[in-house]
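Enquirer:
Protein chains in written order, with my numbering: chain A, 1 to 203; chain B, 204 to 406; chain C, 407 to 609; chain D, 610 to 812.
Put into structure tokens, the structure is as follows:
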């Protein structure tokens, strides 16, 4: 990473928390495109203490991934999705969603304004001793260390749990742990990116 | 399989086709619990020639799996699911669903009346030379040979593509191919079995 | 469950630990068919504190699943498998395997003597409020509660983390959490059950 | 794609076939880095008519994916892998592998010389009407259309089944079908990229 302009590292301790719209929990802001009230895209982390309804975000495509806790059940209008850890699920942020948890859990959310941006979300596993895992440059990439010790390849930066990297350049990762990778692309109007979390769609 | 009463084999050639409710295609009836117009459960196979809306089945839980064709896109009220071959998806049969295909495809459907029955659906792969794959007895089990040559273990029955077995006994399968396994259980009222097709929920 | 003879419940506190053959760790015995030194099948749980070689078990088919910790890397003679939580992997227990971990992890192991028995291993997720998850009777079934609170349906038995059920009858499970399900079948000679952990092979 | 120099399109009809080393089949050369007898990397497609042993490629890391046929069983020294369509599997090309098929199948192979290069392999599904699927630039990317009609976004190029794109630039794909994406990176010495095909490792 050659320039300050395209790569930003934020330490976990420097992230700020904001209250939920429905008042039932707290959210940690990870990264934001635009203003908080009228964002183009937003990556955030929620601590869900109990079952309840999700806040509605009309016009927003949303991808959620459970990062801590055994499971979470989301009841959408015509489909009930049981989330398991590290398996992303994409849905329309504007529809009513009832969320059931059996114990406190944490989830990561990527939201994009339909027509203005679209996103993919993946969870990578790093194992010590393996070659660097390469995350290609493509739009804006947001990395969140979920667990373990991660190092940016060809650099001097060590990342701990909760640390965040926002970049528009290719990065290589080494170390051991789990890293969430959100990729934000400027998007065409008119379609949900419903397949973003397809289990074998791997770019 | 000791008795005629609990295991029925129907050859592909003996299955009958019925028109769709919306008139846009044909369905092959595989197995039925109850009457066609007021079934408790129903397993059927559809040939989808073009994109269109699914017929609505209020009060019915539905699991679909694409068995031929590269993909199928289902737009539900708040979620767009891209189906890949052999990956089951469970949803509420009563909500509006828009189905997009790029070429003619075939899919298998398991429907259960909510409160009266519930189901799971899996696709097994058999490889020649492996030990028999055991399908335990549990409720009513419906097997459909999707591809290849399959033999019921400890018996004299060879099954070809499209052949159907309905049984309440444990069966073992050998040979090479793909077999859909629907399991129908008498069900408690009040909940969708939305997670029946979870990718790592394997009983 | 009608009889004492076919269902046994063992509480986590009553399980005993035994040293590894290679002396590098401890194993909790979960369930055993036969004697410890000449078992037909064995289910056990290992705490892996550091990287090292697996003990060799010639003539034994082995399925391993990581149940705690982000990942584990297994180097077999011609293949390196990165295990993620809850994804079973089957291999020949007799070949040299080098295991790399980045931090202490726990894994569950199912071993069967080739020719005398074979096994499958799955991890189920239970979500509160869902209908009972039915585990059909088929050979010997060993359930291990990995996380959460689980209740045997139609019974009075609550299970906590680490509790074990061994049964030859069908059981229903409710509650919230993760449960490992090993199924042991008397086996034909001559083949590894290499595909036991196939991601979409779900019986 | 702005220049001829970094993107090459080869039509299916212009690909050439070469005999297997062991004489038991035919291989279609897709793309090659280096000379045929001393390649740094190689992407090829094999038609497997019957069961048999794989040719040994010492010092070569190999990723295989079944693209046509219900299944293929690979017996490695300590592990038997059952391949299902579109699920890549990485192994050491130098170890003995016995391949069992029940009917003629086709598979795609990506080989890299250990220490000189490494690779990932994925199969993407495109559904008509969805936004372009973006394949980021990263090393050398080889695209093979497995099924359907695909169009390079922002360009005039239509691709049919069997057509190949080799590029070092980012590409967008639209249309409907399945596309294999191999990514070749210059590699560090000393490790197999065994985890390249991890089901949830999605970059």
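For glycine and all other residues, C-beta sits at the position ideal for the given N, C-alpha and C.
Is there at least one Cβ from chain A nearer than 9 angstroms to residue 293 of chain B's Cβ?
Expert: True, the Cβ-Cβ gap to chain A drops below 9 angstroms.
Enquirer: Indicate whether residue 692 of chain D and residue 672 of chain D have their beta-carbon atoms separated by less than 9 angstroms.
Expert: No.
Enquirer: Please determine, among C:521, C:482, C:593 and C:491, the residue with the shortest C-alpha to C-alpha distance to residue 459 of chain C.
Expert: That would be C:482, whose Cα lies nearest to the Cα of residue 459 of chain C.
Enquirer: Looking at the unbroken beta strand (DSSP E) that takes in residue 68 of chain A, where does it start and where does it end?
Expert: Taken as a continuous stretch (DSSP letters only), the beta strand (DSSP E) holding residue 68 of chain A covers 60 to 68.
Enquirer: Against residue 679 of chain D, what residues of chain B qualify as contacts under a CB-to-CB distance less than 9 angstroms, listed in chain order?
Expert: Going along chain B in sequence order, the residues near residue 679 of chain D (Cβ under 9 angstroms) are 328, 329, 330, 349, 350, 351, 379, 380 and 381.
Enquirer: Using a 10 Å radius around the Cβ and a threshold of 16 neighbouring Cβ atoms, would you call residue 729 of chain D buried or exposed?
Expert: Counting Cβ neighbours within 10 Å, residue 729 of chain D comes out buried, since at least 16 surround it.
Enquirer: Give the straight-line distance between the Cα atoms of residue 187 of chain A and residue 28 of chain A, rounded to the nearest whole angstrom.
Expert: Their backbone Cα atoms lie some 25 angstroms apart in a straight line.
Enquirer: Ignore the nearest five residues each way along the sequence and tell me which others in residue 767 of chain D's own chain have a CB closer than 6 angstroms to its CB.
Expert: Cβ neighbours of residue 767 of chain D beyond the five flanking positions: 760.
Enquirer: Would you list, in sequence order, the uninterrupted beta strand (DSSP E) runs of no fewer than 3 residues that lie entirely inside the region 710 to 781 of chain D?
Expert: Runs of the beta strand (DSSP E) inside the region 710 to 781 of chain D: 714 to 722, 726 to 735, 742 to 744, 749 to 761 and 773 to 776.
Enquirer: Are the C-beta of residue 544 of chain C and some C-beta of chain B separated by less than 9 angstroms?
Expert: For residue 544 of chain C, the answer is yes, since a Cβ of chain B falls inside 9 angstroms of its Cβ.
Enquirer: Would you mind telling me which residues of chain A sit closer than 8 angstroms to residue 279 of chain B, beta carbon to beta carbon, in chain order?
Expert: Near residue 279 of chain B (Cβ distances below 8 angstroms), the residues of chain A are 76, 77, 78 and 79.
Enquirer: Residue 721 of chain D: buried (16+ other C-beta within 10 angstroms of its C-beta) or exposed?
Expert: It counts as buried.
Enquirer: Please confirm if residue 335 of chain B has its CB atom under 9 angstroms from at least one CB of chain A.
Expert: No, no contact with chain A.
Enquirer: With a CB to CB cut of under 7 angstroms and the five nearest residues on each side skipped, what residues in its chain are close to residue 754 of chain D?
Expert: Closer than 7 angstroms at Cβ, skipping near neighbours: 768, 769, 770, 771, 772, 786 and 788.
Enquirer: Taking the alpha-carbon positions, what's the residue 327 of chain B to residue 240 of chain B distance?
Expert: The alpha-carbon atoms of residue 327 of chain B and residue 240 of chain B are separated by roughly 30 angstroms.
Enquirer: List, in chain order, every chain A residue whose beta-carbon is nearer than 7 angstroms to that of residue 779 of chain D.
Expert: By Cβ distance, chain A contributes 138.
Enquirer: Taking the beta strand (DSSP E) that residue 91 of chain A belongs to, which residues open and close that run?
Expert: Taken as a continuous stretch (DSSP letters only), the beta strand (DSSP E) holding residue 91 of chain A covers 89 to 92.
Enquirer: Residue 14 of chain A by DSSP, collapsed to three states: which one?
Expert: The answer is helix: DSSP assigns residue 14 of chain A an H, G or I state.
Enquirer: With H, G and I counted as helix, E and B as strand and the rest as coil, what does DSSP make of residue 650 of chain D?
Expert: Here residue 650 of chain D sits in strand by DSSP.
Enquirer: Have a look at the DSSP bridge pairing and note the partners of residue 289 of chain B.
Expert: Paired residue(s): none; residue 289 of chain B is not in a bridge.
Enquirer: Mapping DSSP to helix, strand and coil, what is residue 274 of chain B?
Expert: In this structure, residue 274 of chain B counts as strand in the three-state DSSP scheme.
Enquirer: Given that a residue counts as buried once 16 or more other Cβ atoms are within 10 Å of its Cβ, and exposed if not, what is residue 87 of chain A?
Expert: Buried: at least 16 other Cβ atoms inside 10 Å.
Enquirer: Looking only at DSSP bridge pairs, what is residue 383 of chain B linked to?
Expert: Per DSSP, B:326 and B:347.
Enquirer: Just reading off the beta strand (DSSP E) that residue 641 of chain D is part of, what are its end residues?
Expert: Looking at the DSSP string, the run of the beta strand (DSSP E) that includes residue 641 of chain D is 635 to 644.
Enquirer: On a Cα-Cα basis, can you pick out the residue from C:462, C:576 and C:445 that is closest to residue 542 of chain C?
Expert: Checking every option, the nearest Cα to that of residue 542 of chain C belongs to C:576.
Enquirer: Given a limit of 9 angstroms on CB to CB distance, which residues of the region 508 to 528 of chain C reach chain A?
Expert: Answer in chain order: 508 and 509.
Enquirer: Among all the DSSP beta bridges, which residues are the ones paired with residue 628 of chain D?
Expert: D:635, per the DSSP bridge assignment.
Enquirer: Do residue 292 of chain B and residue 277 of chain B have their CB atoms nearer than 9 angstroms?
Expert: A contact, by the Cβ cut-off of 9 angstroms.
Enquirer: Buried or exposed: residue 275 of chain B, going by 16 or more other Cβ atoms within 10 Å of its Cβ?
Expert: It is buried - the Cβ of residue 275 of chain B has at least 16 other Cβ atoms within 10 Å.
Enquirer: Could you compute how far the alpha carbon of residue 676 of chain D sits from the alpha carbon of residue 270 of chain B?
Expert: The alpha-carbon atoms of residue 676 of chain D and residue 270 of chain B are separated by roughly 15 angstroms.
Enquirer: Based on the DSSP secondary-structure assignment, which residues constitute the bridge partners of residue 661 of chain D?
Expert: Residue 661 of chain D pairs with D:708.
Enquirer: Ignore the nearest five residues each way along the sequence and tell me which others in residue 368 of chain B's own chain have a CB closer than 6 angstroms to its CB.
Expert: The answer, listed in chain order, is 212 and 346.
Enquirer: If we cut at 9 angstroms on Cβ distances, does residue 187 of chain A have a partner in chain G?
Expert: Checking the listed chains, one finds no chain G in this structure; the protein chains it contains are A, B, C and D.
Enquirer: Does the beta carbon of residue 216 of chain A sit closer than 9 angstroms to a beta carbon anywhere in chain B?
Expert: Any question about residue 216 of chain A goes unanswered here, given that chain A covers just 1 to 203.
Enquirer: Have a look at residue 246 of chain B and residue 320 of chain B and give me their C-alpha separation to the nearest angstrom.
Expert: If you take the alpha carbons of residue 246 of chain B and residue 320 of chain B, they lie about 13 angstroms apart.
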